[in-house]
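There are 2 protein chains.
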Amino acid sequence: MSNHVARRVIKRGELANRTGCNLETIRYYEKIGVMPEPARTQAGHRVYDGDQERRLRFILRARELGFSIEELKGLLNLVDSDHLACGEVYELTQAHIADVREKITDLRRLEKTLSTISAKCARGDTPECPVIDALFA
Amino acid sequence: MSNHVARRVIKRGELANRTGCNLETIRYYEKIGVMPEPARTQAGHRVYDGDQERRLRFILRARELGFSIEELKGLLNLVDSDHLACGEVYELTQAHIADVREKITDLRRLEKTLSTISAKCARGDTPECPVIDALFA
DNA sequence: GATAGGCTCTGTAGTAGGTACAGGATCAAG
DNA sequence: CTTGATCCTGTACCTACTACAGAGCCTATC
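Heads up: the protein sequence lines correspond to chains A and B, in order.
Residue 6 is where the first sequence starts when you use my numbering, and the numbers rise one by one after that.
Residue 6 is where the second sequence starts when you use my numbering, and the numbers rise one by one after that.
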């Protein structure tokens, strides 16, 4: 007997397969409140519909783009609100871009320091090592 | 009465102050084995000497340069060994530089994607938002 | 209709690299 | 001798997951 409202619902394993998301991560997203509590079969198995699959893809994409869970929650609040204001999304995105740029700057500085140090290296078997010296300095 | 071998020893709080390291982090480094177990006063208070302060500075500097704790342990093993081979240090450093460069590349790609998406943004109060659309895509 | 093996459920523990307590002991100054 | 700073220990918390154990369920085959 098929449920009269059932239209293409899937279980957790299939959702994981279709989205490439780890099985347990889906449960985790439910726990932290970014995924809604899904419907259940009589036996208690979670069932997901197309909307929920789209939401999960949104979450995964945002995470892929480096949005933290907190930033993601901000985006989802906007998505979930009736009056989605593009300006607010823009602000969040700009803030995130600024974060990313800062990280890039930091890493570039880091790379330069490391390269400079390691360029001095004789690479020999000697106990004199400019890398170690630089770390001790 | 001063201990006959005591020469400029400090306690954990002063070590933290002098190095800028968090107080608890020192204990943590001891726990994970990158800092040695220090001497103790009769009351059980940790005391550190100049060598240990230098070692902590080394650790902090390596962490600042983005070496993971595992990488750091590798460096410390070399430092602690009798036959410090600069070549090995060089290898570890090069591997780390490669990691850093990869992170930079990833973040640059990310920044480009985010900038492209957000450049399309009208920043209006409209419910049409290219950022959200891009995330749902 | 029994059974095998897959799936799902729950709670909990582990990862990196720390940070932050609580509750008690000790130390130094007044 | 008291007060306040420092120290001790163990444990919990943080981010963002991931992995497991032990149980229950579902379906295909015999």
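For every residue, glycine included, the Cβ atom is placed at its ideal position computed from N, Cα and C.
Under 9 Å by beta carbon: chain B residues contacting C91(A) = Chain B residues near C91(A): C126, A127, R128, G129, D130, T131, P132, E133, C134, P135, V136 and I137.
Please compile the residues from chain A whose C-beta is within a distance smaller than 9 Å of the C-beta of I74(B).
-> Ordered by position in chain A, no residue passes the 9 Å Cβ test against I74(B), which lies about 15 Å from the chain.
Consider the Cβ of V94(B): report whether some Cβ of chain A lies at a distance smaller than 8 Å.
-> Yes, V94(B) lies at the interface with chain A (some Cβ there is under 8 Å from its Cβ).
Segment contact flag, the stretch 98-118 of chain B with the stretch 67-81 of chain B, C-beta cutoff 8 Å, min 3 pairs = The stretch 98-118 of chain B vs the stretch 67-81 of chain B: in contact.
Per DSSP, what kind of secondary structure is R114(A) in: helix, strand or coil?
-> Here DSSP, grouped into helix, strand and coil, assigns R114(A) to helix.
How long is the line joining the alpha carbons of C26(A) and M40(A), rounded to whole angstroms?
-> Going by the C-alpha atoms only, they are around 13 Å apart.
For K108(A), write down the residues that DSSP places opposite it in a beta bridge.
-> Beta bridge pairing from DSSP links K108(A) with no other residue.
Report the partner residues of R45(B) according to the DSSP bridge assignment.
-> Paired residue(s): R51(B).
Identified DSSP bridge partners for I122(A) | In DSSP, I122(A) forms no bridge with anything.
Between N22(B), L20(B), D138(B) and E29(B), which lies nearest to L89(A) when the distance is taken from Cα to Cα?
-> Distance check between L89(A) and each of N22(B), L20(B), D138(B) and E29(B) places D138(B) closest, using alpha-carbon atoms only.
Residue-level contact to chain A via CB, R144(B), 8 Å cutoff = This structure does not reach residue 144(B), given that chain B is present from 6 up to 142, and the question cannot be answered.
Chain-order list of residues whose beta-carbon lies under 8 Å from that of R34(A) (same chain, five-residue window excluded) = It should be noted that the sequence gives Tyr, not Arg, for residue 34(A). For Y34(A), where only same-chain residues beyond five positions count, the Cβ hits under 8 Å are M40, L61 and I64.
Is there at least one Cβ from chain A nearer than 8 Å to G71(B)'s Cβ?
-> Interface residue, yes.
If you draw a straight line from the C-alpha of E19(B) to the C-alpha of L140(A), how long is it?
-> Spanning the two alpha carbons is a distance of roughly 21 Å.
Could you check the C-alpha separation between N82(B) and R114(A) for me, to the nearest Å?
-> Cα to Cα, the separation comes out at about 26 Å.
Would you kindly report the start and end of the unbroken alpha helix (DSSP H) that includes P135(A)?
-> Run containing P135(A): P135 to F141, per the alpha helix (DSSP H) assignment.
Check the DSSP bridge columns for I15(B) and list the partner residues they point to.
-> Note: I15(B) sits in a beta bridge opposite Y53(B).
R32(A): first and last residue of the uninterrupted alpha helix (DSSP H) it sits in = According to the DSSP assignment, R32(A) belongs to the alpha helix (DSSP H) that extends over L28 to K36.
Sequence-distant residues of its chain with Cβ nearer than 8 Å to G55(B) (five each side left out) = The answer, listed in chain order, is R13.
Quick one: is E116(B) buried, meaning 16 or more other Cβ sit within 10 Å of its Cβ, or exposed?
-> Buried is the call here.
Would you say C91(A) and R23(B) are within 8 Å of each other, going by their C-beta atoms?
-> No, the Cβ-Cβ distance between C91(A) and R23(B) is not below 8 Å.
Quick one: Cα of L119(A) to Cα of G71(A), how far?
-> Roughly 25 Å separates the two Cα atoms.
Hey, R17(B) and L28(B) are a contact pair by Cβ (cut 8 Å); roughly how many whole angstroms apart?
-> L28(B) and R17(B) do touch by the CB rule: their CB atoms are close to 6 Å apart, below 8 Å.
Answer with yes or no whether the minimum CB distance from I31(A) to chain B is below 8 Å.
-> The beta carbon of I31(A) does not come within 8 Å of any beta carbon belonging to chain B, so the residue lies off that interface.
Contact with chain B by L20(A), beta-carbon distance below 8 Å = Chain B contact via Cβ: absent.
Could you pull out every residue in the same chain whose Cβ sits closer than 6 Å to the Cβ of I122(A), ignoring the five residues on either side in sequence?
-> Cβ neighbours of I122(A) beyond the five flanking positions: V136 and A139.
Nearest-angstrom Cβ-Cβ length linking A21(A) and I31(A), presumed shorter than 8 Å | Going by Cβ atoms, the distance from A21(A) to I31(A) rounds to 6 Å, so yes, they are a contact pair.
Environment of Q47(A) [buried if 16+ CB atoms lie within 10 Å] = Per the 10 Å Cβ criterion, exposed.
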